[in-house]
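So the sequence shown is numbered by this note's numbering: it starts at 144 and just counts up by one.
Cβ coordinates follow ideal geometry from the N, Cα and C atoms, glycine included.
In what follows, a single structure is set out as structure tokens and then discussed.
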Amino acid sequence: MTLKQVLDRARQILAANRIENASLEGEILLRHALQIDRARLYSELNCELTAEQEEKFWHLVQRRLSGEPTAYITGHREFYGLDFYVDRRVLIPRPETELLVEEAVRLVQAGNIAVTADIGTGCGAIAISLARHFPRLKIYASDVSAEALEVARLNCAKHGVADRIQLLHGDMLEPLPEPVDLIIANLPYVTEPEISTSALADFEPRLALNGGNDGLDKVRRLCKQAGDKLNPQGGILLEIGPGQSRPVISWLRRRFPSASVAVKLDLRGIERVVRLCLTPN
């Protein structure tokens, strides 16, 4: 079969099995199987695959049909214009989390931020994205999972920022050696009932998903810890799930009554980022 025939067939199979973005996913899997880029794929659509290449490709398709995310199959995920290595030790970065980085970039550009902390860094996507944008920014990145930090370390080296991000093993804000100007956190916010009734934790680490009964256990703890780890003119950026903004804003306002608190919507109109600034911004 030619590349075009195999690709068309894979797209049909993926779509029939309700795989979102079946066309793109089929292309990514084929490119990974053949180890070629997109330009070469489309320039060689009429070329025949060897039996070995076909076997390898259909094996990848079968893994995807079993529910394994494409990012784990290929070991790659694009985030904020950068390519990150990912495996089952870390959560796969989501497109909506780019809003968190965009807000962080805006705050850093506005001034008064020299030291930041990425809490629950996972593969390091947020911290590394900021390091690439701001070479002079001091960045801490913490995670309770030592395995996740191993992946983050690989990505720091891959993107040439290993000397500018200090990776810290520990729970939430506890390992931070000093107060910071900006706390950024994409913490687990999926509820236990949601996890138990879905396939979310079949492949991705449950530790990086489980936010407790209401999805906000980790966020609550961060809000309580933040006072001692935030400089007087600092700020906090939190990613949240649908319907979680009201309690999070309430906790932050109780802890920081004079701060300004706002919510940013993602591209789907869902409240996605809560922003706190101790001084008007």
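If residue 327 and residue 247 are in contact, beta carbons under 8 Å, what's the gap, nearest whole angstrom? 5 Å
With a threshold of 7 Å, establish whether the CB of residue 286 neighbours any heavy atom of the ligand PLP. Among the components of this structure there are no ligands whatsoever, and the ligand PLP is therefore not found.
Delimiting residues of the beta strand (DSSP E) encompassing residue 231: Element bounds for residue 231: n/a, residue is neither H nor E.
8 Å CB neighbourhood of residue 333 in its chain, flanking five on each side removed: 343, 352, 353, 354, 358 and 384
From the DSSP secondary-structure annotation, give me the bridge partner or partners of residue 145. 191
Any beta-carbon of chain D closer than 8 Å to the one on residue 354? No chain D appears in the structure shown, which is made up of a single protein chain.
Which residue comes first and which comes last in the alpha helix (DSSP H) that contains residue 337? 335 to 339
Does the pairing of the stretch 408 to 415 with the stretch 223 to 237 give three or more beta-carbon distances under 8 Å? no
Residue 157 and residue 192 closer than 8 Å at C-beta: no
Segments of 3+ residues assigned as beta strand (DSSP E) that fall wholly inside the stretch 149 to 211: none
Rounded to the nearest angstrom, what separates residue 265 and residue 338 at their Cα positions? 19 Å
At 3 residues or longer, what runs of the beta strand (DSSP E) sit wholly inside the stretch 269 to 330? 281 to 286, 308 to 312 and 323 to 328
By DSSP's criteria, residue 379 is part of a beta bridge. Which residues make up the other side? 326 and 419
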